[in-house]
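*Asks:*
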Amino acid sequence: MAALTWVLIALAIWHFTIFVPDRFWGGIVGGFVFSMIGGVLGGWLLSGLSMPSRADTDVVTVLLGIPGTLVALTALWFYGARKEAQEEAAAAAAGRA
Amino acid sequence: MTDRRRNSLILLLVALMVAASCVVLATKPTKQGLDLKGGVQLIYEAQATKGEELDQAALDRTIDVMQERVNSLGVAEAEIQRSGSNQIDVGLPDVTNPQEAADTVGSTAQMAFYDWEANVVGPDGVIDPTNPEIVQAAGFRQNVAAAPAYEAIMRARELKPADGRRAVADAQWYAVNDRTKTVVAGPQQTREQLATSTSLGRAFERQPDVLRDLRRSGTAKPYRLVSIPSGYRIVEAEDDPDTKIEGDPITRRNSRWFVLRDVAELRGEDIKNPAQGFDQRPGGRGPNVTFEFSDRGKDVWKDITKRIADRGRDNCVAPAGANPRQQAQICANHFAIVLDQKLVSVPLIDFNENPNGISGSGGSSISGSFTIDSAQRLANQLKSGSLPLKLELISQQQVSATLGQEALSQGLKAGIFGFLGVAIFLVLFYRALGVVAVLGLAVYTVFFLALIKLIPIVLTLPGIAGLILTVAVAADANVVIFERVKDELQAGRSVPRAIKDGYRKGLSAILDGNAITFLVAFILFMVATAGVKGFAFNLGIGVIVSMVTALVMTQAILGLLSRSPIITHPAMLGARKRDPIWHRFDFVKASKWFFSMSGVILAIGAIGIGAKGLNFGIDFESGTQITATARQGTTVEDVRRVLEPLGEGDAKIQTVELSGDAARERGNGQTFQLATQNLDRDELEAVTRALGTLGVDPATLDSNTVGPTFGQTVARLAVIAIIASFILIALIVWFRFGVRFTVPILIAVVHDLLITAGIYALTGAEITASTVAALLTIIGYSIYDTVIVFDRMRENLKRLPSAAFSQIANRSLSEVLGRSLITSFSAGVPTLALLLFGGDTLKDFALAMLVGTLSGAYSSIFIAGPVLTEWMERLPTFKAKRRRLTLAAGGTLPPYPDANASKGGVDPFAQRPKSERITAPEPEAGTAVSANEFQRMVDELGIEPGSGGRQRTAAPEEPAAPEQPSRAADLSPEEVVLRDDRTRGTGARKGKGKSNRRHGRR
Chain A
0 MAALTWVLIA LAIWHFTIFV PDRFWGGIVG GFVFSMIGGV LGGWLLSGLS
50 MPSRADTDVV TVLLGIPGTL VALTALWFYG ARKEAQEEAA AAAAGRA
Chain B
0 MTDRRRNSLI LLLVALMVAA SCVVLATKPT KQGLDLKGGV QLIYEAQATK
50 GEELDQAALD RTIDVMQERV NSLGVAEAEI QRSGSNQIDV GLPDVTNPQE
100 AADTVGSTAQ MAFYDWEANV VGPDGVIDPT NPEIVQAAGF RQNVAAAPAY
150 EAIMRARELK PADGRRAVAD AQWYAVNDRT KTVVAGPQQT REQLATSTSL
200 GRAFERQPDV LRDLRRSGTA KPYRLVSIPS GYRIVEAEDD PDTKIEGDPI
250 TRRNSRWFVL RDVAELRGED IKNPAQGFDQ RPGGRGPNVT FEFSDRGKDV
300 WKDITKRIAD RGRDNCVAPA GANPRQQAQI CANHFAIVLD QKLVSVPLID
350 FNENPNGISG SGGSSISGSF TIDSAQRLAN QLKSGSLPLK LELISQQQVS
400 ATLGQEALSQ GLKAGIFGFL GVAIFLVLFY RALGVVAVLG LAVYTVFFLA
450 LIKLIPIVLT LPGIAGLILT VAVAADANVV IFERVKDELQ AGRSVPRAIK
500 DGYRKGLSAI LDGNAITFLV AFILFMVATA GVKGFAFNLG IGVIVSMVTA
550 LVMTQAILGL LSRSPIITHP AMLGARKRDP IWHRFDFVKA SKWFFSMSGV
600 ILAIGAIGIG AKGLNFGIDF ESGTQITATA RQGTTVEDVR RVLEPLGEGD
650 AKIQTVELSG DAARERGNGQ TFQLATQNLD RDELEAVTRA LGTLGVDPAT
700 LDSNTVGPTF GQTVARLAVI AIIASFILIA LIVWFRFGVR FTVPILIAVV
750 HDLLITAGIY ALTGAEITAS TVAALLTIIG YSIYDTVIVF DRMRENLKRL
800 PSAAFSQIAN RSLSEVLGRS LITSFSAGVP TLALLLFGGD TLKDFALAML
850 VGTLSGAYSS IFIAGPVLTE WMERLPTFKA KRRRLTLAAG GTLPPYPDAN
900 ASKGGVDPFA QRPKSERITA PEPEAGTAVS ANEFQRMVDE LGIEPGSGGR
950 QRTAAPEEPA APEQPSRAAD LSPEEVVLRD DRTRGTGARK GKGKSNRRHG
1000 RR
């Protein structure tokens, strides 16, 4: 159940990436995949490397999925922006040559 | 063959089939499932036994034996079928006593005959036939060798393994609690089977607090798994008429057990012709079971009874003066008859009457604490033989006939209202086309109902839900086509041409969508539990039948009517004169707000699941649900009070309002629904008796018991079904559309499923096996909806080669939004009818469907479309195109491709290449082009209409689509070329020219 809530909250956060310039590595789909992974992984880490049982899943458990999602999306955005800049630089250099 | 003749033949064929269907409907009965006509459903999990592997052949033999036993119950139309790899599903209509049914059908009935004194282990752990105390009260709980189950097991564990070649018992593992000195569960054949068994799970459902505390404190499990050495078994003492033991005897403290060396002299297969009889001898014990021996049995019986008689006589130390009868009573040794794990009878062999043993030629009898019913049952079980496999009852459901009929009437009411709702909507919206569609739906319904009777399909409540939903599927196919027809009309084509092209262009999307729905139904049918299988089967059949009626039949009707004044006016077809309100709406730009809305809904759903959790029904959680009607004025507290002595005081009890026939038949009574932990058969019987004190008639009681094993199976299959559907459908979509289109479709599906989960958490609706069926249908529906949208995008991608992807997306979304709204409505109406009129059973199913339908329509437009756009615009081609068009437009990209605004030629028709569309291929010779396309061709050829082919020097401005369709709009390229040849052309229109006849145009 905890994993389901993390996936849900990650998906919810991912929806708001539409407001950010799309520089995610892999685009919006890359963002989707990594937000899910980040949400579940982050939730698992913050739960002390354990998966809370159904009975132990509460609102706080849901919130544990947020940091991982944000970290994953941020990392993905910076990585994508960097790659994009590198590609543009390479293209410009090729054009000059 | 001309179109008219072909259409007439099709309609004639359909009329004949309708007539035949009506005959079938009038003459054939409908097979109703247990949930509609009442009865008992038992689901067993089969386990391997000694010398019998769990395989297909063993399951089939087991089913054969069970069928014979069911026949002995006199149950008509019983159904026994394999379910999955190790389950057997038994449906017994009109049976009102699930306990009796389970006893008859599912007990192993492994019969074995033992030399009693030579094999029973005494209290000191020694087998001593000469011990006179062992002989006294042989087989009864008063015997010195009898002990509580825990002690018997511990006694057996002290023994060294014996020769097990003639052993019968194969289940030797028990779970014991050393602190309380009780047996928790067992026996099972292996340690693993015991550790995962239903009985062990049930044992700790009773004390969840204990388990939780133990887990938290890291303490060891409160039980120990132990086994009895091979060659020995424990058997329960013979019933004492004064001691009534309820529940599983192995776990009851007051049951008594013997340790027996497992050397069986005879087995069930050594007897024949068992029958219920009556022991009429003086002092006889009433009803008994008589039987004859097989040839081998006769010999063994003679030998063994002689041996027992000899031993009794040799070891006899009778009091002085005892007569022969008294001597026998004191000294005679015994022969034990064991059925499964219980001593049925331990008769003595009177060495005075039978000094040479008893001849087996006259047969023998088993006397015990039988009633006539139990003796009959045993005789029948022996007649059909023991079951090759061991069966564990994992689910038991009893539905009373009245509640079943009530469910049927609710389902039918939902179906009628759903059908009427869709019909009214179609007629209002599509007018003449709608009437034809309703006719198609009516024919579809007649065909389907006839098929149900003809095949025959067992009609269950989920099956009715499937039937109702297929009405939506059938209507949807018509909507897709009619929207295409309207598009064609608005593009300036005449009515006949618009109808023809509407069907042609809509076919691809309908085939894709129906293939997906069929696949979902197939997967569901393969992995679902019995009840949901009915839904899946009906959905699958419905998809196929609806294709025939929606595509072939309605096309034939419209083909015949296409020149009729009834439908020649576009208004009669519901064609819009004005653009819809979303015309030129910037979907891509607005998607930010729709994304935000979805994000908020999902976040609320996540918090809802965290705060309230999901309410899983007993299909997943296991437990027992009882619906019973007590006398008027009974309160929840009254019910709780009678249940408390049974340890069920914490059951969830709520009042239920019945309606219709069920309410009338049950008079003014108060109906309750109880949900409690998993009750075994005896506990359920005790609860039924307790409720009887409140005026509950057992015949009208509904119960549903699901064991943990079955619950786990349902949950596992649900996950498998969802994942398998997901993967297979993804492969199909990927094959048809490529990976770039597939991923957004899957994202939209995930979005819909999770939104549905969130809504379930927020509303607290119960998740049952039917909900899983609904979820899978949502997957199918959501993908179908998105496929329609993407199909249009792909089409426009080819038609608008110079447009930015966001412009293509906006245009496509604008074109299909109407269709999406209409199909959502036409699917939503039957679903809403199910929700409102389908009763409790279908309510949760319908809720999932309704939420999924709405979410599916929304996500296909506002989630999948924009995701695809974002992703596609990262491609260098579209990125460059967007940049170029933005610059050309002065820094702001227009949301729609516009010929006047852009010199880059983003108008589709201005730069239309020769081969453009995938789903709607380039018109072949004889097929029509739109007014705009026609004008383009005219321009390219330099022909001036009406001028006899004069060259034009400049391309004219694109004409607006005509208000009324002109004949020119229907002309084919060939007709454009042949225009100068007025004689041939005129002749062709009169039906004389071969060239035009070749193209089927008259």
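Residue numbers (numbering that gives the first Met the number 0), protein chains in the order written: chain A, 0 to 96; chain B, 0 to 1001.
C-beta atoms are modelled at their ideal positions from N, C-alpha and C, and glycine is treated no differently.
1. Which two residues bound the contiguous beta strand (DSSP E) that contains I393 of chain B?
2. Report yes if the C-beta distance between A1020 of chain B and E487 of chain B is below 8 Å; otherwise report no.
3. With burial defined as no fewer than 16 other Cβ atoms inside 10 Å of the residue's Cβ, what is the status of Q653 of chain B: buried or exposed?
4. Under 8 Å by Cβ, that's how I've got S724 of chain B and I778 of chain B pegged, so tell me the actual separation to the nearest angstrom.
5. Looking at the strands, I want to know which residues DSSP matches up with M110 of chain B.
6. Taking V70 of chain A as the query, report the chain B residues whose CB atoms sit under 9 Å from its CB, ordered along the chain.
7. Please confirm whether I87 of chain B and I62 of chain B have their CB atoms less than 8 Å apart.
8. Would you mind telling me which residues of chain B sit closer than 8 Å to L75 of chain A, beta carbon to beta carbon, in chain order?
9. Report buried or exposed for E956 of chain B, applying the criterion of at least 16 other Cβ atoms within 10 angstroms of its Cβ.
10. Taking only beta carbons into account, state which residues of the segment 28 to 44 of chain A come closer than 7 Å to chain B, listed in chain order.
11. Does any CB atom of chain B fall closer than 8 Å to the CB of L3 of chain A?
12. Hey, out of B:K651, B:I758 and B:L727, whose CA is closest to I608 of chain B's CA?
13. For S597 of chain B, return the contacting residues in chain A, with the cut-off set at a CB-CB distance below 7 Å.
14. Going by beta carbon distance, what residues of the same chain come within less than 8 Å of L62 of chain A, once the five residues before and after it are set aside?
15. How about V542 of chain B and A520 of chain B: do their beta carbons lie closer than 8 Å?
16. I think T469 of chain B touches S545 of chain B, with their Cβ atoms under 8 Å apart; what is that distance to the nearest whole Å?
17. Helix, strand or coil: which one does DSSP assign to N272 of chain B?
18. So what's A30 of chain B in DSSP terms, helix, strand or just coil?
19. Over the uninterrupted beta strand (DSSP E) stretch that includes I365 of chain B, give me the two end residues.
20. Does the CB of V19 of chain A have a neighbour CB from chain B at under 8 Å?
21. Residues of chain B with a CB under 8 Å from the CB of M50 of chain A: which are they?
22. Give the DSSP-derived three-state secondary structure of S52 of chain A in the structure shown.
23. Inspect the CB distances between the segment 40 to 52 of chain A and the segment 75 to 88 of chain A and report whether three or more fall short of 8 Å.
24. Which ranges would you report for the alpha helix (DSSP H) in the segment 409 to 488 of chain B if only whole runs of at least 4 residues count?
25. Given this structure, state the Cα-to-Cα distance separating L683 of chain B from S394 of chain B, to the nearest angstrom.
26. Can you find a C-beta in chain B that's less than 8 Å from the C-beta of A92 of chain A?
27. For the alpha helix (DSSP H) that contains W733 of chain B, what are its first and last residues?
28. Rounded to a whole number of angstroms, what is the C-alpha to C-alpha distance between I766 of chain B and D177 of chain B?
29. Quick check on A756 of chain B - is its C-beta less than 8 Å from some C-beta in chain A?
30. How long is the line joining the alpha carbons of A747 of chain B and F789 of chain B, rounded to whole angstroms?
31. For V1007 of chain B, which residues of its own chain have a beta-carbon under 7 Å away from its beta-carbon, when the five flanking residues on both sides are left out?
32. Starting from the C-beta of K159 of chain B, find all residues in its chain whose C-beta is less than 7 Å away, skip the five residues before and the five after it, and write them out in chain order.
33. Classify A2 of chain A as helix, strand or coil using the three-state DSSP reduction.
34. Taking N332 of chain B and P128 of chain B to be in contact with their CB atoms under 8 Å, please state how far apart those CB atoms are, rounded to whole angstroms.
35. To which residues of the same chain is V23 of chain B closer than 8 Å at the C-beta, ignoring the five residues directly before and after it?
36. Can you tell me where the alpha helix (DSSP H) holding Q40 of chain B begins and where it ends?
*Replies:* In this structure, then:
1. K389 to V398
2. Because chain B here runs from 0 to 1001, residue 1020 of chain B falls outside it and cannot be looked at.
3. exposed
4. 5 Å
5. B:L338
6. Those do not exist, as V70 of chain A stays about 18 Å from chain B at its closest Cβ, beyond 9 Å.
7. yes
8. Chain B residues near L75 of chain A: none, gap ~14 Å exceeds 8 Å.
9. Caution is warranted here: a pLDDT of 40 is assigned to E956 of chain B, below 50, making its placement in the model unreliable, and the coordinate value is therefore given only provisionally. Classification for E956 of chain B: exposed.
10. V28 and F31
11. yes
12. B:I758
13. H14
14. I8
15. yes
16. 6 Å
17. strand
18. The residue you asked about is not Ala; residue 30 of chain B is Lys in the sequence shown. Reduced to three states, the DSSP call for K30 of chain B is coil.
19. S363 to S366
20. no
21. Within 8 Å Cβ-Cβ: nothing; M50 of chain A doesn't reach chain B, min ~14 Å.
22. coil
23. no
24. 431 to 453
25. 13 Å
26. no
27. P707 to F736
28. 39 Å
29. yes
30. 12 Å
31. What the structure shows of chain B is the stretch from 0 to 1001, and residue 1007 of chain B is not part of that stretch, so it cannot be assessed.
32. P228
33. helix
34. 7 Å
35. A449, K452 and L453
36. Here Q40 of chain B belongs to no alpha helix (DSSP H); instead the beta strand (DSSP E) covers G38 to Q46.
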